[in-house]
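A.B. asks: The structure is given below, and queries will be raised subsequently.
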Amino acid sequence: MKKILIIRLSSIGDIILTSPVIRCIKQQKNVEIHFLVKSEYSILLKSNPHLEKVFCLKDNLNKLTSDLQKENYDLIIDLHNNIRSSWIKLNLALPSYTINKKTWQKYMLIYFNWNFLQNHVVDRYFEVVKKINISNDRNGLEYFFHKKTKVNFDVKQVFIAWSIGGSSSNKKLSKKQIVDVCKKMSYPVVLLGGSFENSLGDDIVQGSNYEKIYNFCGSISLDQSAYLIRHSTLVLSNDTGLMHVAAAFKKPIISFWGCTKPSQGFAPYMGVHGSKQLITPRSKRPCSKYGKSCRFQGQGCVKEISSQIILDSIDHFFLKNN
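Under the working numbering, think of the first position of the sequence shown as 16, with each following residue one higher.
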């Protein structure tokens, strides 16, 4: 039996984007797959049936390396390629394949709008494993949560899941944009995000004056958020991890793009019918690598997407899918 260690330490979206690679490796005969991830993201993998073991990176790299050495791996697949993953590979001294981060291509896109990337991050992951004859089965992303996961909400009704979070404030729609949409909403909306978005969610509920806006930000687990997304009719999302959760469940997604752009390779993978990407009218090229800075305004150019365009996109979706 061949024993393989996959390394992808963070974050939510990037780890979910590894799911096709995990599945396609597991389709080979006599393969055991382990995964190394930061401890705070381990919940993303704990229920994955294709993995035999998940190792968590905390603070003690020496202890972790010692534990990994005992596993006697045949091969390491490094889908992160940073200092810590390199340190682990160096100390394990095993055959390994590592992702090309294509740094200069990313900067060509950001500064000159010359796109030498030309493919999705998932496809870049498969460029690594094609060296061991693994190919993409084109069945998309996967997300697994515990079968007992539930939320105190009627998921049998038609409703919208709206992911209002983001790794940077520059990647988030503003409170005003969301409130202006919710004021005119005719379907229930669940607001999803982390604890940082809890107060924003409360403000949206109060400002919308619409009794069917429900703020779950920071009050439910990631698995519970995934549960709501899975049962939703439509997902609205900034460029954030929950967008990729929605893609894993093959949900129609209206996504919002400002400082980051789909051209960087992080668009919803294998988007389904009814999905739409709303991109700031400011520029077709990204402002920065991770969306932390904007070349146009301090709050991020995603905030220049009009609420009316968002409303029109929602109305168009339900008109076409009723």
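Every residue gets a Cβ at the ideal spot worked out from N, C-alpha and C, and that includes glycine.
A108: buried (16+ other C-beta within 10 angstroms of its C-beta) or exposed?
C.D. replies: Here residue 108 refers to the residue found at position 93 of the sequence shown. By the 10 Å Cβ count, A108 comes out exposed.
A.B. asks: Exposed or buried, R153, counting other C-beta atoms within 10 Å across all chains shown (16 or more means buried)?
C.D. replies: Here residue 153 is taken as the residue at index 138 of the sequence shown, counted from 1. Looking at its Cβ environment, which holds fewer than 16 other Cβ atoms inside 10 Å, R153 is exposed.
A.B. asks: In this structure, does DSSP put D138 in helix, strand or coil?
C.D. replies: Here the question's residue 138 lines up with position 123 in the sequence shown. Reduced to three states, the DSSP call for D138 is helix.
A.B. asks: Around the Cβ of V170, are there at least 16 other Cβ atoms within 10 angstroms (buried) or fewer (exposed)?
C.D. replies: The count along the sequence shown starts at 1 and reaches residue 170 at position 155. Label assigned to V170: exposed.
A.B. asks: Need the endpoints of the alpha helix (DSSP H) that H246 sits in, please.
C.D. replies: Numbered from 1 along the sequence shown, position 231 holds the residue referred to as residue 246. Segment 237 to 246, the alpha helix (DSSP H) holding H246.
A.B. asks: For Q292, report the span of its beta strand (DSSP E) as first-last.
C.D. replies: Indexing the sequence shown from 1 puts residue 292 at position 277. That run of the beta strand (DSSP E) goes 291 to 294.
A.B. asks: Leaving aside the five residues before and after I269 along the sequence, list all residues of the same chain whose C-beta is less than 6 Å from its C-beta, in chain order.
C.D. replies: Along the sequence shown, read from residue 1 onward, the residue named residue 269 stands at position 254. Once the five neighbours on either side are set aside, the close Cβ partners of I269 are L251, K291, S328.
A.B. asks: DSSP beta-bridge partners for D93?
C.D. replies: Position 78 of the sequence shown, counting from 1, holds the residue named residue 93. Answer is I22, T113.
A.B. asks: Whose C-alpha, out of I58, L20, S54, T33, is nearest the C-alpha of S240?
C.D. replies: Within the sequence shown, residue 240 is the residue found at index 225, counting from 1. The residue with the shortest Cα to Cα distance from S240 is I58.
A.B. asks: For the candidate residues N253, T113, M258, N185, whose alpha-carbon lies nearest to that of R245?
C.D. replies: The residue labelled residue 245 in the question sits at position 230 within the sequence shown. Answer by Cα proximity: M258.
A.B. asks: Please report the straight-line C-alpha distance between A263 and E157, rounded to a whole angstrom.
C.D. replies: Along the sequence shown, read from residue 1 onward, the residue named residue 263 stands at position 248. Along the sequence shown, read from residue 1 onward, the residue named residue 157 stands at position 142. Looking at the two C-alpha atoms, the distance is approximately 5 Å.
A.B. asks: List the residues that DSSP assigns as beta-bridge partners of W272.
C.D. replies: As a working mapping, residue 272 is identified with position 257 in the sequence shown. Partner(s): I294.
A.B. asks: Do K299 and K276 have their CB atoms nearer than 9 Å?
C.D. replies: In the sequence shown, residue 299 corresponds to position 284, counting from 1. In the sequence shown, residue 276 corresponds to position 261, counting from 1. Their beta carbons are under 9 Å apart, which means K299 touches K276 by this criterion.
A.B. asks: Put S81 into one of helix, strand or coil per three-state DSSP.
C.D. replies: For the purposes of this step, residue 81 is identified with residue 66 of the sequence shown, where counting begins at 1. S81: helix per DSSP, three-state reduction.
A.B. asks: Short of 6 Å in beta carbon distance, which residues of its chain neighbour H65, apart from the five on each side in sequence? Order them along the chain.
C.D. replies: Within the sequence shown, the letter at position 50 stands for residue 65. Excluding positions up to five away in sequence, the list reads I37, R38, K41.
A.B. asks: Residues in the same chain with beta-carbon distance under 6 Å from K187, minus the five sequence neighbours each way, listed in chain order, please.
C.D. replies: As a position in the sequence shown, residue 187 is number 172, starting the count at 1. Excluding sequence neighbours, K187 sits near G181, N253.
A.B. asks: Could you tell me how far apart the beta carbons of V260 and I31 are, in whole angstroms, since I believe they sit closer than 8 Å?
C.D. replies: As a first step, residue 260 must be located in the sequence shown, where it is residue number 245. As a first step, residue 31 must be located in the sequence shown, where it is residue number 16. That belief holds up - the Cβ atoms of V260 and I31 are roughly 6 Å apart, short of 8 Å.
A.B. asks: Between the Cα of S183 and those of V137, W129, G256, N148, spot the shortest distance and give me the residue it belongs to.
C.D. replies: Reading the sequence shown from its first residue, position 168 is the one you call residue 183. Ranking the options by Cα distance to S183, first place goes to G256.
A.B. asks: Straight-line CA distance for E67 to D82?
C.D. replies: Mapped onto the sequence shown, residue 67 falls at position 52. Mapped onto the sequence shown, residue 82 falls at position 67. Going from the Cα of E67 to the Cα of D82 covers about 15 Å.
A.B. asks: Locate the beta strand (DSSP E) running through L207, then write down its first and last residues.
C.D. replies: Indexing the sequence shown from 1 puts residue 207 at position 192. L207 -> beta strand (DSSP E) spans 204 to 207.
A.B. asks: For S178, which of helix, strand or coil comes out of DSSP?
C.D. replies: Counting from one through the sequence shown, the residue named residue 178 turns up at place 163. Strand, per DSSP.
A.B. asks: If you compare alpha carbons, which of A282, W119, C316, C71 is closest to N130?
C.D. replies: Counted from its first residue, the sequence shown places residue 130 at position 115. Out of A282, W119, C316, C71, W119 has the C-alpha closest to the C-alpha of N130.
A.B. asks: From the DSSP secondary-structure annotation, give me the bridge partner or partners of Y88.
C.D. replies: By 1-based counting over the sequence shown, the position of residue 88 is 73. In the DSSP output, where bridge partners are listed per residue, Y88 has none listed.
A.B. asks: Determine contact between the region 305 to 324 and the region 280 to 290, defined as no fewer than three beta-carbon pairs at a distance below 8 Å.
C.D. replies: No: fewer than three Cβ pairs fall under 8 Å.
A.B. asks: L266: buried (16+ other C-beta within 10 angstroms of its C-beta) or exposed?
C.D. replies: As a working note, residue 266 is residue 251 in the sequence shown. The sequence shown places Lys at residue 266, rather than the Leu named in the question. With 16 or more Cβ atoms within 10 Å of its Cβ, K266 is classed as buried.
A.B. asks: Could you work out which residue in G306, K190, D195 is closest to L215 when comparing CA atoms only?
C.D. replies: For the purposes of this step, residue 215 is identified with residue 200 of the sequence shown, where counting begins at 1. Closest by alpha carbon: K190.
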